[in-house]
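Protein chains in written order, with my numbering: chain G, 1 to 477; chain F, 478 to 954.
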């Protein structure tokens, strides 16, 4: 397993890998809580400066959205060029009956974007080139994004001369060593079949400095993920795909629950179920998910209680987890300095939590097979608790009412700021109480963090909410 | 890699696998061209008897289809219960423009069926329990199908008491040892997002004999795949997921091109590209496929030239690769003895072919990244040539005009007989001529058969046409 994961990611065949494995190199970076080359003290000054820059995001009525229009007949919100994305309707259907489910608004964005992290060694330790990026929906406007967030049209143009800085490392074959290259899903409750390409590439070249970019080790990023709204969703999901081999790694700081988390990330952590059992169980769950969905006119959501006013599409009965709104953005570091667009605004905070317990001394998290309406491949592995704003679910009470002694991570993080307005989730890692039953309902399974990471690296198997947690959990160490 | 494939399939962790590996056990079965327990001579008598049974399939007008109706407004063909499948419209859309592509009829069948092969050792050799099954669209009516072809509703009922014979081996956890359990795609030009669950399970129990079932080794099946229309599509696709480790296996019969095929199936075959390179290339191809599709009313296909008459939906201009027709079936070995249903009738024979060549002495086939309109995950790995009836494509001439000395497999096989009427494909393995360039366009790559088999076992990476070829190619040995 180890062999495959690393070989697939490193582009090497088993047996011919020279030097330390990729998983060990990333582990060394995770252990580096600061960098002599790019110390955190300097980072904080730089980041504060970036955040001080002036951006203005204001709500506007749909009629005032430049270049956007409501399609006659369907009512779908579209851009006049046909590009970017559209807001349409989605209706779930039961496999056995024609019965129409409730339609809801959904973002349709077929293009596959690239989220790319550039890494480079400084003093023998891998550093990630992070970008201070403004997104209109961000809670503190500027967060750390991957080196590039590019659409396919950016990407294709990159062969000529790109407007997206550093894109050449990802788009030009041979320019950098490709360590990770995977397609992953995004929020299926908000997006229809959305996928992004996740890339990590390594260069040995000197990269010209630029004021919007900063190098950080995984260890520094881990500390920053203890803070709210600093590391953006796109960064977290790419970081979740990075292989970390913590086997035998016992630095001075490793003790208590954090050490258990670190051990669970290692291939030496003996799991309750084999990887084969877990993937077969997911196949079973996928085969049993009978539904299909149909894109319908946005207007069809009215029958399900969605009401369109001049400046919002929302459910006055409180039944929806979000509203669609219009926004105007004025900024100074994007390709265009001002634009307007629809945004999806959640009605509250989502909750994404793992319950964890030790089985035969090894920390396991409880994953569930969970399908969202816009999921492409049916159920994926999700956190124990995944609740949209206002939703309730099994284990929610255990998670939110746990005593502080059992709560090892509890941090608000932002979701995608380019499409969502101030969307945040509360991310938790909670130790299950004594006597918590090992046997759980059939749609749940215990997995080590190493297993979750390996399944993540298959692509399209672990959802965005679980991937955020996977990226954040090393910060408990 | 080897370790992963086998561990994933056998449900074992690397290192703790007792006895010969699964790949070796299947190789032994592949080498067994006859079985002392179930000799081919007996098989042929049994099969001839099954084929002699009376079935009647007749074309009828849509109005005469019992339980099927045209939905008012959309014109979609549906079953009154909402079950089974429907015939609707599908329109491809460009990612960057709203431009509507041409709509075509498509089969919508969201339910995931199970295709299951039961295996058991006789005299130390694995045998597969094959079923003589009538499907209305089959060219010779009765073909060898997997032990079970079950819908989810069959499957769920199986826990009580099933109408599908042998289903309990697949549906009841722990009843048999699960060797393969994967989701795979089906024809994306005819089906929207269709997926099937592929299972191979092993029992050590005595299985009560039944007149519709017969045990066969892989070697016997290999000989039968040299014949036209005997081993059905569902059997071929499940067989393509079975791991075969031919490393060091050199039985007396192995010589010439067949031996090269056998060697290419082995992990010892040194590939031109690593598995990591191949999967990254496929990711790149998937990320670059910009399209999205939309289910539309069947009626919308009229604008694209599809004309509906009393007994067919077809393109009189010859532009479509198929027509939709109605059929009545009278049979005596299915759950119900008579029924009627729509079928999709291709206008001719499809061509699926691999060009093969030796690179550094190792046989490679030229795979392409190919997307069909109804594909769920974008492009999958496809044969070098994949042409619907009437279509032309790159390399088609090289394949169909090759001299016999370079044609190592050329056999007509049937596609899915439950939904298609007399759909057949010409399946070829053709050696490339001398001087055929190693460098090929970016959407093509050379792969060994072992690599193709491994990628198949990821699920959703190799399309049904390439899987049929993968299953059939050992028959050249």
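Quick reminder that beta carbons are idealized off the backbone N, C-alpha and C, glycines included.
Please read all numbers here as calculations on a predicted model, not as lab measurements.
The C-beta of residue 765 (chain F) comes closer than 8 Å to at least one C-beta of chain G. Within the segment 650-678 of chain F, the residues whose Cβ lies closer than 7 Å to some Cβ of chain G are 655, 658, 659, 660, 674, listed in chain order.
Taking 8 Å as the threshold, the shortest C-beta distance from residue 464 (chain G) to chain F does not fall below it. Scanning G:56, G:219, G:403 for the CA closest to the CA of residue 31 (chain G) turns up G:219. Apart from sequence neighbours up to five positions away, the residues of its chain that approach residue 700 (chain F) with a beta-carbon distance below 8 Å are 510, 517, 952, ordered along the chain.
Under the three-state reduction of DSSP, residue 26 (chain G) is assigned to helix. The Cβ neighbour count for residue 56 (chain G), taken over all protein chains shown within 10 Å, is under 16; the residue is labelled exposed. Scanning its chain for C-beta atoms nearer than 8 Å, with the 5 sequence neighbours on each side dropped, one finds around residue 433 (chain G) the residues 398, 402, 406, in chain order. Within chain F, 853, 854 have C-beta atoms less than 8 Å from the C-beta of residue 376 (chain G), given in sequence order. Looking at the DSSP output, residue 103 (chain G) sits in a beta bridge with G:91. In this structure, residue 759 (chain F) sits near residue 846 (chain F), with a CB-CB distance shorter than 8 Å. For residue 280 (chain G), the nearest beta carbon of chain F is closer than 8 Å to its own beta carbon.
The beta-carbon distance between residue 675 (chain F) and residue 657 (chain F), rounded to whole angstroms, is 6 Å. This is short enough to meet the 8 Å contact definition. With respect to the C-alpha of residue 280 (chain G), the residue from F:783, F:648, F:838, F:765 having the closest C-alpha is F:648. In this structure, the alpha-carbon of residue 795 (chain F) lies about 43 Å from that of residue 736 (chain F). Here DSSP, grouped into helix, strand and coil, assigns residue 38 (chain G) to coil.
The closest CA to that of residue 565 (chain F), considering only F:814, F:584, F:579, F:550, is found on F:584. Using a CB distance cut-off of 8 Å, residue 295 (chain G) counts as an interface residue toward chain F.
Residue 822 (chain F) carries a strand assignment under DSSP once its states are collapsed to helix, strand and coil. Where residue 464 (chain G) is concerned, there is no enclosing beta strand (DSSP E), although the alpha helix (DSSP H) around it starts and stops at 464-472.
Per DSSP, reduced to three states, the secondary structure at residue 212 (chain G) is coil, with no helix or strand assignment. Per DSSP, residue 263 (chain G) is one residue of the alpha helix (DSSP H) stretching across 256-264.
Secondary structure at residue 154 (chain G): helix, using DSSP grouped into helix, strand and coil. Sixteen is the threshold: when 16 or more other Cβ atoms of the shown chains lie within 10 Å of the Cβ of residue 243 (chain G), as they do, the residue is buried.
Annotation for residue 537 (chain F): 788, 803, 804, 805, 817 place their beta carbon closer than 8 Å to its own, counting only its chain and skipping 5 residues before and after.
Counting along the chain, residue 279 (chain G) sits inside the alpha helix (DSSP H) bounded by residues 275-287. Judged by DSSP secondary structure, residue 537 (chain F) falls within the beta strand (DSSP E) whose first and last residues are 533-537. The bridge partners DSSP lists for residue 546 (chain F) are F:555. At least one CB of chain G lies nearer than 8 Å to the CB of residue 629 (chain F). When F:705, F:678, F:873 are compared, the shortest CA-CA separation from residue 892 (chain F) is found for F:705.
Here residue 617 (chain F) is exposed, its C-beta having fewer than 16 other C-beta atoms within 10 Å.
Residue 521 (chain F) sits exposed, since fewer than 16 C-beta atoms from the chains shown fall within 10 Å of its C-beta. Taking C-beta separations shorter than 8 Å and ignoring five residues to either side along the sequence, the partners of residue 945 (chain F) in its chain run 710, 713, 714, 717, 829, 890, 902, 904, following chain order. Among the CB atoms of chain F, none fall inside 8 Å of the CB of residue 147 (chain G). For residue 606 (chain F) and residue 82 (chain G), the gap between their C-alpha atoms comes out near 53 Å.
Residue 283 (chain G) reaches chain F at 658, 659, 660, 674, counting residues in chain order whose Cβ is nearer than 7 Å.
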